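A.B. asks:
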Amino acid sequence: MEKKDLEVLSKLRHKIDTIDDEILDLLNERARVAQDIGHAKAGQGLEFYNPGRELAVFERLIARNSGPFPSEAIRRVYREIISASLSLEQPMKVAFFGPSATFTHQAAQKQFGFSAQLVAQKSIPAVFEEVRRGRADYGVVPVENTTEGIVSHTLDMFVESDLKINAEILLEISHDLLSLSGKMEDIEKVLSHPQALAQCRHWLEENLPDVPLVDASSTAMAARQAAEDSSVAAIASEIAASLYGLRIVKPKIQDNTNNLTRFLVVGRQLTSPTGHDKTSVLFIVADEPGVLCRMLGPFNKRGINLSKIESRPIKTKAWEYIFFLDLEGHVEDAAVAEALEDLQACCRSFKVLGSYPRCR
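All the letters of the sequence shown, read from the start, carry residue numbers 1 to 360 under full-length UniProt numbering.
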């Protein structure tokens, strides 16, 4: 490289250093303001974590971005800036359905960033219990998948629990086939969580029709076992491959390329309205003619969109069901409050599970 070119490069690098110094000073100034906000919240008894406010920050900055810095990178950068700032206000402990390298772990990192203390739990009930007892500030659990549908264990927990839904997370799920050797011919058994096996059913039938499929407690646990046995393959994430020293035999083997899982953040308090919210409720109605029509009527009357309705059998009573309903709007919105009041009038049991920002 010629001397003139080296001088130009040196000047540009110096300019980058100057900008980085300015960014660092601004980050520290932002952190100090975040600490002041934390003290103000504590004085008023407010929750220091506000998912609606975070979403508004992301969307405002992305709308303002004129490039060339990528908009999606803005979300990732500010996710970590906010996570670090929150850790200055108050150390945040988040329980998730683990172990590490599961998709729930990835969802928790996506929502809370790397500055939060993420603690793996062996079951969905254990996540709820950690939050209920105050040993964790929040919990992250899966609730449904676009291919395999609802995660029944999560819905069942809301029947007895008083925890509230504070946020939802959407995560694109990509399943890789992993093993120690990375060779298809070495595979004598495939392990994974039942949901992951189901999401890859057709690929497995076509490519490994004679290989037994074995359930594991999680995709990460399957990867851990594959790391101990060269004849075992696991269906798990690329992160799990890196964590457990496995090779990718075949990437993206899920049957549905548009494979998304929805996760819920649970906490002990309701969240404030943002203007772009979703409300979840559960209820039991009397088994009588026309009850389902009356159940949906209050929402139709007010033009409220219902995004999901799910039923689960009541375990203590044969042929009776609990209904779970997701609707657009916040429980503090007048129309939503009126509709829920009308619904409650025809229910034997009724509970608001939470109002929280819609994931967009």
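We put the CB at the ideal spot given by N, CA and C, even for glycine. Model, not experiment: these values are computed from the prediction.
(1) Taking the C-alpha atoms as reference points, what is the distance between His193 and Lys252?
(2) Alpha carbon to alpha carbon, how far is Asp36 from Arg79? Give it in angstroms, no decimals.
(3) Does DSSP classify Gly267 as helix, strand or coil?
(4) Mark Asn166 as exposed unless 16 or more other C-beta atoms lie within 10 angstroms of its C-beta, in which case mark it buried.
(5) Cβ of Val94 within 8 Å of Cβ of Leu118?
(6) Compare the beta carbon distance of Val127 and Val141 with 8 Å and say whether it is the shorter of the two.
(7) With Ala138 and Val57 assumed to form a contact (beta carbons below 8 Å), what rounded beta-carbon distance in angstroms separates them?
(8) Just to confirm, are Ala233 and Ala241 a CB contact at a threshold of 8 Å?
(9) Taking the alpha carbon of Ala136 as the reference point, which residue from Arg224, Gly245, Lys308 and Arg268 has its own alpha carbon closest?
(10) Going by alpha carbons, who is nearest to Ile322 out of Glu328, Glu89, Ile309 and Val331?
(11) Considering only the beta carbon of each residue, do Gln121 and Ile239 sit closer than 8 Å?
(12) With 16 as the cutoff for other CB atoms within 10 Å, does His330 come out buried or exposed?
(13) Please tell me whether Ala88 and Ala31 are closer than 8 Å, where the distance is taken between their beta carbons.
(14) Between the stretch 280-291 and the stretch 347-360, do at least 3 Cβ pairs fall closer than 8 Å?
(15) Counting along the chain, where does the alpha helix (DSSP H) carrying Ala241 start and finish?
(16) What residue range does the alpha helix (DSSP H) around Lys41 cover?
(17) Should Ala222 be labelled buried (16 or more other beta-carbon atoms within 10 Å of its own) or exposed?
(18) Going by the beta-carbon positions, is the gap between Phe114 and Ser83 smaller than 8 Å?
(19) The beta strand (DSSP E) with Pro313 in it runs from where to where?
(20) Are the CB atoms of Ser307 and Glu328 within a distance shorter than 8 Å?
(21) So Gln90 and Gly38 are supposed to be a Cβ contact under 8 Å. How far apart are they, rounded?
(22) Taking C-alpha atoms, which residue in Cys359, Lys315 and Arg358 lies nearest to Ser152?
(23) How many Å lie between Ala63 and Pro298 at the Cα?
(24) Using the rule of at least 16 other Cβ atoms within 10 Å of the residue's Cβ for burial, across every protein chain shown, is Ile19 buried or exposed?
(25) Taking the C-alpha atoms as reference points, what is the distance between Met157 and Phe263?
(26) Count the other CB atoms within 10 Å of the CB of Ile23; is the residue buried (16 or more) or exposed (fewer)?
(27) In terms of alpha-carbon separation, which member of Asp17, Phe48, Lys4 and Ile81 lies closest to Asn28?
(28) If you check the beta carbons only, do Glu188 and Val214 fall under 8 Å apart?
(29) Can the beta-carbon of Ala220 be found closer than 8 Å to that of Ala101?
(30) Using DSSP bridges, identify the partner residues of Phe114.
(31) Hey, could you find the ends of the alpha helix (DSSP H) Ile74 is sitting in?
(32) Taking the runs of the alpha helix (DSSP H) that are 4 residues or longer, which of them lie wholly in the stretch 174-250?
C.D. replies: Quick look at the numbers:
(1) In the sequence shown, counting from the first residue as 1, residue 193 sits at position 193. In the sequence shown, counting from the first residue as 1, residue 252 sits at position 252. So the alpha carbons of these two residues sit roughly 16 Å apart.
(2) In the sequence shown, the residue the question calls residue 79 occupies position 79. In the sequence shown, the residue the question calls residue 36 occupies position 36. C-alpha separation (whole angstroms): 19 Å.
(3) To locate residue 267, count along the sequence shown from 1; it is residue 267. The answer is strand: DSSP assigns Gly267 an E or B state.
(4) Against the sequence shown, residue 166 aligns to sequence position 166. So Asn166 ends up on the buried side.
(5) Residue mapping note: residue 94 aligns to position 94 of the sequence shown, counting from 1. Residue mapping note: residue 118 aligns to position 118 of the sequence shown, counting from 1. In this structure, Leu118 lies closer than 8 Å to Val94 by Cβ.
(6) Working through the sequence shown from its first residue, we reach residue 127 at position 127. Working through the sequence shown from its first residue, we reach residue 141 at position 141. Yes.
(7) Within the sequence shown, residue 138 is the residue found at index 138, counting from 1. Within the sequence shown, residue 57 is the residue found at index 57, counting from 1. Note that residue 138 is Tyr in the sequence shown, not Ala. Their Cβ separation, rounded to whole angstroms, is 18 Å, which puts Tyr138 and Val57 out of contact at 8 Å.
(8) Translated into the one-based positions of the sequence shown, residue 233 becomes position 233. Translated into the one-based positions of the sequence shown, residue 241 becomes position 241. In this structure, Ala241 does not lie closer than 8 Å to Ala233 by Cβ.
(9) Locating residue 136 in the sequence shown gives position 136, counting from the first residue. The option with the nearest alpha carbon to Ala136 is Arg268.
(10) Working through the sequence shown from its first residue, we reach residue 322 at position 322. Comparing Cα positions, the closest option is Ile309.
(11) Position 121 of the sequence shown, counted from the first residue, corresponds to residue 121. Position 239 of the sequence shown, counted from the first residue, corresponds to residue 239. Contact flag unset, no.
(12) Reading the sequence shown from its first residue, position 330 is the one you call residue 330. Counting Cβ neighbours within 10 Å, His330 comes out buried, since at least 16 surround it.
(13) Within the sequence shown, the letter at position 88 stands for residue 88. Within the sequence shown, the letter at position 31 stands for residue 31. Looking at the sequence itself, residue 88 is Leu, so the reference to Ala does not match. Yes, Cβ-Cβ distance for Leu88 and Ala31 is below 8 Å.
(14) yes
(15) Start at 1 with the first residue of the sequence shown, and residue 241 comes out as number 241. Here the alpha helix (DSSP H) through Ala241 covers Glu238 to Tyr244.
(16) One-based indexing of the sequence shown puts residue 41 at position 41. Residues Lys3 to Gln44.
(17) Looking up residue 222 in the sequence shown gives position 222. That one is buried.
(18) As a working mapping, residue 114 is identified with position 114 in the sequence shown. As a working mapping, residue 83 is identified with position 83 in the sequence shown. Closer than 8 Å, so yes.
(19) As a first step, residue 313 must be located in the sequence shown, where it is residue number 313. Unbroken beta strand (DSSP E) run through Pro313: Leu306 to Pro313.
(20) Translated into the one-based positions of the sequence shown, residue 328 becomes position 328. Translated into the one-based positions of the sequence shown, residue 307 becomes position 307. Yes. Within cutoff.
(21) Within the sequence shown, residue 90 is the residue found at index 90, counting from 1. Within the sequence shown, residue 38 is the residue found at index 38, counting from 1. Confirmed, Cβ separation roughly 6 Å.
(22) Here residue 152 is taken as the residue at index 152 of the sequence shown, counted from 1. Closest by alpha carbon: Lys315.
(23) Stepping through the sequence shown from its first residue, residue 63 is reached at position 63. Stepping through the sequence shown from its first residue, residue 298 is reached at position 298. Whole-angstrom Cα-Cα distance: 36 Å.
(24) Mapped onto the sequence shown, residue 19 falls at position 19. By the 10 Å Cβ count, Ile19 comes out exposed.
(25) Counted from its first residue, the sequence shown places residue 157 at position 157. Counted from its first residue, the sequence shown places residue 263 at position 263. Approximately 14 Å between the Cα atoms of the pair.
(26) Working through the sequence shown from its first residue, we reach residue 23 at position 23. So Ile23 counts as exposed.
(27) For the purposes of this step, residue 28 is taken as residue 28 along the sequence shown, with counting starting at 1. When only C-alpha atoms are compared, the closest one is Ile81.
(28) Working through the sequence shown from its first residue, we reach residue 188 at position 188. Working through the sequence shown from its first residue, we reach residue 214 at position 214. Contact: no.
(29) Here residue 220 is taken as the residue at index 220 of the sequence shown, counted from 1. Here residue 101 is taken as the residue at index 101 of the sequence shown, counted from 1. Taking 8 Å as the Cβ cut-off, Ala220 and Ala101 qualify as a contacting pair.
(30) Taking the sequence shown and counting its residues from 1, one reaches residue 114 at position 114. The partner list for Phe114 (beta bridge, DSSP) is empty, contrary to what the question assumes.
(31) Reading the sequence shown from its first residue, position 74 is the one you call residue 74. Per DSSP, Ile74 belongs to the alpha helix (DSSP H) from Ser71 to Glu89.
(32) 194-199, 201-207, 219-226 and 238-244
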